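**Q** This is the structure I have questions about; it appears just below.
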Amino acid sequence: MLVLIRQSDKPAAAPAFQSRSHALKPKHPDIPEEPPKTMNRNNTLAILATWLALTVAPLQTIRSADGPAPRQGSEVISGSVSSSETGNMLQGAVINIPSLNRQVVTDNAGRFLISGLPKGSLELTVSYTGLKEERRTVPIDADSSIALTFVLSPADVVLLEKFTVPAEREGSALAITNQRNAGNLKNVVAMDAYGNLPHMSMGEVMIRLPGVTGVYDAEGNVTGVRVRGMPNDMTRVNIDGNPVVGPGGARIVDMQDFTGASFEQLELIKGQTPDKSADSIGGSINLKTRSSLSMREKRRISYNVSGRWAPPFFYHPKERREHPFQPLLRLAYQENFDRFGGTRNLGVSLSVFYDEIVNSGASEYYDRQNTTASPAYIWDYRSVMQIVNRHVTSANLRFDYRLSPASNFFFSALYNQGDEPSIDRSQLRAFTNQVVATIGADGRPTGTGGILPGYTEQRTQVRAVAASTLELNNYHLSYYSKSPSVNLGGEHKLGQWEFDYNASGATTGIVSGSGKGPVGGQLVMQAPNLGWIIEKNDDTNPRFTQTEGRDIYDTASYTGLVQHTRRRTNTRRSVLNATANAAWRPALPHAPLLKSGLVFREQKDDIKIDNARQWNRVPGAPPLPNVPLYVTPFDERQGGRLPVVDPRATNPQLANPALWQEDLYYWQSQMFSARKKATESIVAGYFLGQAKVERLALLGGVRGERTELTGSGFVRRRQATVGQIPDPVQRAQYDWNNPASNKGSYTRWFPSIHLTYDVTENLKGRASWSTSFGRPPFGSLVPSATVSDAAQTVTVNNPALGPQYAKNIDVALEYYFLPAGFVSAGYFKKDIADYIVTTEVGIVGSGPNNGFAGDYLGYAIFSRANAGSAEVEGWEFDYRQRFVFLPGILKGLELAGNYTHLKTKGDFGGSSVQGTSEVAGFVPRAGNLSLSYRYLRFGTRILFNYASNYLLTYNAAASARIYLQERKTVNWGLSYRWRPSATFTLDVINVFGERRKDYRYLPSRTRQTYLPGQLITFGVSGQF
């Protein structure tokens, strides 16, 4: 089979992959051969090496300049800024020299350096959110180097002891300071800003920010986020500016695998700047760690010992009630050392985290007749129960070394492990055909219709025909992921020059299989020719009554399809990243900062199945062993006990040919069809300028990115018949052992400009125009051809698929309160071109060179293509304030809230314009509210999260569209600070037991209801 390769910098509508093998080989290997590597990156690496050499070459000069007098003879001021209350060094403090219009901010160790200063007396002002500004006049002599220490005290308006905890206030002030000082639009929040969240995951913090809504799994965990309406695979996640990969997909990071306990701050960057990757249409997330060099003490040890409890007075399935308590533990160590002749110049940080989670998720599912008329019958009913035992382990190690005021180095290593040794899931499905039975002259139903007349919106009766089946689908699976990453780099200042560089590597290894210990898998059991009545008076408590057929509670009744499947899939994802930047500011008044840099990134995806096997129960074999997996919610409602057979009970029988027959074709075909490899290599360069004139600050420039792609896998031929190749193993090898590879590339440019204007001291206006893009799904790089003979179609991947390109406009107005708070209002608009859609791109021609070895003549070819456009606009409002100006005990109040309103329109590759209500996955309204109070040693907090209803699945037929109902959740927390070394907490998660519901066409036609449950967390934390 051969398909023409097409490489272009422009998006192509046609797929591109090439095959290396056609003929049936006389000897077939059990494991498919590795597809070849098809791309040479020597030129890319040479460019990167040259840049790094040019950038790092001055290091020896930098070291010689680290002495008291810089070689150029320019005058230098260096120093530190700290808090008088906590003694901690302050990151983000602003040091301003008004007469020179020079301004710098302190680094993550609270230190600063200003070079190229003229002789004479200079006035410096130092400011930080929530602290008093300090002014100081400094005499500058020729060739002098001056070290200064600033200790800022709290603003007079702050009442300290009764209403605030200094460390918490300082964390919030740091976040607000970084947001205020930023040259572009971003939201910055301290990871502990919302108190104790159930799993300390970054996703639970993200959904509290403006413009962000959550993506949830069946147990109610936040696994991803949508930013400004964009899908979660278009949001880049970084740690200290470097990309990470996760088990959620090559472009999706599963947020519950990264604990927020390892980080100090979370940044949501909405205005992309040239020095950052542009591949985030909605926005990018940056998790920031803190240097131990910023703390006052020589040593600090902090801890958190907590537990989660599923109390019996809240609803939980029986299996969850039997495992009601799980621990959460965190221990952190920080220390500063005097090394190599320096003082407090080596910082070491180490934190470890362990969280055990038993998540239970139950749901009821109803699929109705596809009609807008009423009533609509229920032809498909499901009751689902899932229990997941999850263990999250994390360790974070960081070293910071300050060689001198002008040179710093860092190294960090992060390890995350998410283990799910037991994923138990059961699904009861009762379904029939979508045909209403005809009533004969004798009053009895005739024909094959499964639905009896007389149905209502709430009640449907199904008759016993061949299509009326009850199916039990039982799982015992496992999932293990390990995600280590390392990052090292340095920062140097030499006169008017600044250099920084870093290299990082991250990898994620995933093994998903059929359980640890006794092997399980998936067991499907069908009982045919049944009749029943389904009554849905309550979405979560329906009534199911069997009316005909064999007893569903007897294993002997399951005489239809009985199938056992085992799989073990290995996935490895990795990313390498290297950056080098150089910045220069002329020693002139109002001189701009000029900065340039180069980035290299390579991301790989490698998926294979070690062992996928399937067995079918031999007809006439004895009934399955009645060893239930657990008691289901269906059992608790109905009063019986379904034979939800544990796959671990049937697994020992699989070797008995009298009971089970293996599908050898499945075994062989899965080895080939699941084998996929993809590589994406990116070289980027940028140039930007940054300047401030009086109250106006400007940041602008351009970024260019060159992306090269390769993919390899196996593509199925037209299937051979049993008559042609009787042996199933050889037939599978013939059909699937057809290696194919492809490649593609594209280059894009991303200009941007960001303006900020200080209307008053505390009122700031922002305006920006920027460009960004969303890369195609990583899976589109892999050759693939899915054939439907019934529909006469071939669906193929398109490696020449280009990214979605967005032009973004942002305007915002921000007002900052004392001591630490703000209110902001902003408007944004995104014009998205080259929208990725699935569309028909051609017809398979005739002849052996038709791209499919002569097969599939006349079939329609479908593929993803860049064929649509869209427009998104929205308003965002954000507010946070402590009411320290109120009288008496009311000073301890703090209120925070945000609201986002979005709308969209576009053709999305179609012929007509669709609006907000017709775009799947687009949440038009979202908001948060947080009310907290602190007095003396007590504190309390209420958190409210809201997401409006939105379209989940689009269909041209209005009656088939699926919507997710609006969701409102409330958390409540209480704390008591006994002493700095011990604070006790109690939190109730999902106080009112809010459920997630989706519906078809009308809210009354509930399709599925999720019951995530309610939890209570309690614990103690502190530091020494």
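Counted from 1, the sequence shown has number 623 at position 614 by this note's numbering; the numbering is strictly sequential.
Backbone N, C-alpha and C define an ideal beta-carbon position, used for all residues, glycine too.
If you're wondering where the values come from, they're calculated on a predicted model, not measured in any experiment.
If the criterion is Cβ atoms closer than 8 Å, does the pair threonine 962 and tyrosine 375 meet it?
**A** Indexing the sequence shown from 1 puts residue 962 at position 953. Indexing the sequence shown from 1 puts residue 375 at position 366. Going by C-beta atoms, threonine 962 is not nearer than 8 Å to tyrosine 375.
**Q** Compare the beta carbon distance of threonine 765 and alanine 693 with 8 Å and say whether it is the shorter of the two.
**A** By one-based count along the sequence shown, residue 765 stands at place 756. By one-based count along the sequence shown, residue 693 stands at place 684. No, the Cβ-Cβ distance between threonine 765 and alanine 693 is not below 8 Å.
**Q** What is the DSSP secondary structure of leucine 109, reduced to helix, strand or coil?
**A** Within the sequence shown, the letter at position 100 stands for residue 109. Looking at leucine 109 - three-state DSSP - the assignment turns out to be helix.
**Q** Would valine 254 and alanine 515 qualify as a contact pair, given that the criterion is a beta-carbon distance under 8 Å?
**A** Sequence index remark: in the sequence shown, residue 254 carries index 245 (1-based). Sequence index remark: in the sequence shown, residue 515 carries index 506 (1-based). Contact flag set, yes.
**Q** Residues in the same chain with beta-carbon distance under 8 Å from glycine 1031, minus the five sequence neighbours each way, listed in chain order, please.
**A** Residue numbering aside, residue 1031 sits at position 1022 when the sequence shown is read from its first letter. Correct list, in chain order: Ser311, Tyr312, Arg988, Pro989, Ser990, Ala991 and Thr992.
**Q** Rounded C-beta distance between glycine 859 and proline 792? I'm assuming under 8 Å.
**A** If you number the sequence shown from 1, residue 859 lands on position 850. If you number the sequence shown from 1, residue 792 lands on position 783. The displayed chain sequence assigns asparagine, not glycine, to residue 859. The Cβ separation is near 16 Å, so there is no contact.
**Q** Going by the CB atoms, is the gap between glycine 370 and tyrosine 836 shorter than 8 Å?
**A** Residue mapping note: residue 836 aligns to position 827 of the sequence shown, counting from 1. Residue mapping note: residue 370 aligns to position 361 of the sequence shown, counting from 1. Not in contact: tyrosine 836 and glycine 370 (Cβ atoms no closer than 8 Å).
**Q** With a 10 Å radius around its C-beta and 16 neighbouring C-beta atoms as the bar for buried, classify glutamate 331 as buried or exposed.
**A** The sequence position of residue 331 within the sequence shown is 322, counting from 1. Burial call: exposed.
**Q** Sort out for me which residues DSSP pairs proline 760 with in a bridge.
**A** Counting from one through the sequence shown, the residue named residue 760 turns up at place 751. Answer is Val711.
**Q** Which residue marks the beginning of the beta strand (DSSP E) containing leucine 437, and which one marks its end?
**A** Residue mapping note: residue 437 aligns to position 428 of the sequence shown, counting from 1. It spans 416-440 - the beta strand (DSSP E) in which leucine 437 sits, taken as one unbroken run.
**Q** Taking contact to mean at least 3 C-beta pairs separated by less than 8 Å, is the segment 522-541 in contact with the segment 343-363?
**A** Contact between the segment 522-541 and the segment 343-363 is absent, because fewer than three Cβ pairs lie under 8 Å.
**Q** Restricting to runs no shorter than 4 residues, where is the alpha helix (DSSP H) found entirely within the segment 301-345?
**A** Listed in chain order, they are 327-330.
**Q** Would you mind stating whether leucine 275 and methionine 215 have Cβ atoms separated by less than 8 Å?
**A** Reading the sequence shown from its first residue, position 266 is the one you call residue 275. Reading the sequence shown from its first residue, position 206 is the one you call residue 215. Yes. Within cutoff.
**Q** Is it buried or exposed, glutamine 100, if we count other Cβ atoms within 10 angstroms and call 16 or more buried?
**A** Counting from one through the sequence shown, the residue named residue 100 turns up at place 91. Classification for glutamine 100: buried.
**Q** Using the three-state DSSP reduction, which class does asparagine 586 fall into: helix, strand or coil?
**A** Working through the sequence shown from its first residue, we reach residue 586 at position 577. Correct three-state label for asparagine 586: strand.
**Q** What did DSSP end up calling leucine 183 once you bin it into helix, strand or coil?
**A** Walking along the sequence shown from the start, residue 183 turns up at place 174. The answer is helix: DSSP assigns leucine 183 an H, G or I state.
**Q** What's the gap between the Cα of glutamine 281 and the Cα of lysine 525?
**A** Against the sequence shown, residue 281 aligns to sequence position 272. Against the sequence shown, residue 525 aligns to sequence position 516. Taking the straight line joining both Cα atoms gives about 44 Å.
**Q** Just how far apart, CA to CA, sit aspartate 116 and isoleucine 691?
**A** Your numbering for residue 116 matches position 107 in the sequence shown. Your numbering for residue 691 matches position 682 in the sequence shown. When rounded, the distance between both Cα atoms is 29 Å.
**Q** For asparagine 550, is the classification buried or exposed, using 16 other Cβ atoms within 10 angstroms of its Cβ as the cut-off for buried?
**A** As a first step, residue 550 must be located in the sequence shown, where it is residue number 541. Classification of asparagine 550: exposed, given that the 10 Å Cβ count is below 16.
**Q** Return the first residue and the last residue of the beta strand (DSSP E) that threonine 1026 is part of.
**A** Walking along the sequence shown from the start, residue 1026 turns up at place 1017. 1024-1032 is the extent of the beta strand (DSSP E) around threonine 1026.
**Q** Taking the continuous beta strand (DSSP E) assigned at glycine 125, which residues delimit it?
**A** Start at 1 with the first residue of the sequence shown, and residue 125 comes out as number 116. Run containing glycine 125: 120-126, per the beta strand (DSSP E) assignment.
**Q** Indicate the three-state DSSP secondary structure (helix, strand or coil) for proline 544 in the structure shown.
**A** Sequence index remark: in the sequence shown, residue 544 carries index 535 (1-based). Checking the sequence, you will find glutamate at residue 544 rather than proline. Glutamate 544 falls in the strand class under three-state DSSP.
**Q** Between the segment 467-484 and the segment 413-429, can you find at least three pairs of beta-carbon atoms closer than 8 Å?
**A** Output reads no: the segment 467-484 does not touch the segment 413-429.
**Q** Taking all protein chains shown into account, do 16 or more other C-beta atoms lie within 10 angstroms of the C-beta of glutamine 801, making it buried, or fewer, making it exposed?
**A** The residue given as residue 801 occupies position 792 in the sequence shown. By the 10 Å Cβ count, glutamine 801 comes out exposed.
**Q** For the structure I just gave you, are there three or more beta carbon pairs, one from the segment 217-228 and one from the segment 488-500, closer than 8 Å?
**A** With the cut-off at 8 Å, the segment 217-228 and the segment 488-500 do not touch.
**Q** Taking 7 Å as the line, does the beta carbon of tyrosine 489 fall inside it for any heavy atom of the ligand ATP?
**A** This structure lacks the ligand ATP, and indeed carries no ligand of any kind.
**Q** Below 8 Å on the Cβ atoms is my guess for proline 652 versus threonine 564; work out the distance and round it to an integer in Å.
**A** Taking the first residue of the sequence shown as 1, we reach residue 652 at position 643. Taking the first residue of the sequence shown as 1, we reach residue 564 at position 555. Yes, they are in contact, since the Cβ atoms of proline 652 and threonine 564 sit about 4 Å apart, within 8 Å.
**Q** Measure the CB-CB distance between lysine 327 and tyrosine 639 and report whether it falls below 8 Å.
**A** Position 318 of the sequence shown, counted from the first residue, corresponds to residue 327. Position 630 of the sequence shown, counted from the first residue, corresponds to residue 639. Cβ atoms of lysine 327 and tyrosine 639: closer than 8 Å.
**Q** Should proline 1099 and glutamine 974 be called a contact, given that it needs their Cβ atoms to be closer than 8 Å?
**A** The chain is shown from 10 up to 1033; residue 1099 falls before or after that span and cannot be answered.
**Q** For serine 494, does the count of other Cβ atoms within 10 angstroms reach 16, so buried, or fall short, so exposed?
**A** Your numbering for residue 494 matches position 485 in the sequence shown. The residue is buried, with at least 16 neighbouring Cβ atoms inside 10 Å.
**Q** Whole angstroms are fine: how far does the CA of asparagine 579 sit from the CA of alanine 630?
**A** What you label residue 630 is simply residue 621 of the sequence shown in a count that begins at 1. What you label residue 579 is simply residue 570 of the sequence shown in a count that begins at 1. Between alanine 630 and asparagine 579, the C-alpha separation is close to 34 Å.
**Q** Whose C-alpha, out of Thr568, Tyr386 and Lys977, is nearest the C-alpha of arginine 1009?
**A** Against the sequence shown, residue 1009 aligns to sequence position 1000. Comparing Cα-Cα distances from arginine 1009 to each of Thr568, Tyr386 and Lys977, the minimum goes to Tyr386.
**Q** Taking all protein chains shown into account, do 16 or more other C-beta atoms lie within 10 angstroms of the C-beta of arginine 727, making it buried, or fewer, making it exposed?
**A** For the purposes of this step, residue 727 is taken as the residue at position 718 of the sequence shown. Classification of arginine 727: exposed, given that the 10 Å Cβ count is below 16.
**Q** For phenylalanine 783 and lysine 838, I'd like the C-alpha separation in whole angstroms.
**A** For the purposes of this step, residue 783 is identified with residue 774 of the sequence shown, where counting begins at 1. For the purposes of this step, residue 838 is identified with residue 829 of the sequence shown, where counting begins at 1. According to the sequence provided, residue 783 is glycine. The question's phenylalanine does not apply to it. For glycine 783 and lysine 838, the distance between alpha carbons rounds to 16 Å.
**Q** With burial defined as no fewer than 16 other Cβ atoms inside 10 Å of the residue's Cβ, what is the status of leucine 1024: buried or exposed?
**A** Within the sequence shown, numbered from 1, the residue matching residue 1024 stands at position 1015. Classification for leucine 1024: buried.
**Q** Please list the terminal residues of the continuous beta strand (DSSP E) segment that includes serine 6.
**A** Absent from the structure is residue 6, since the part of the chain shown begins at 10 and ends at 1033.
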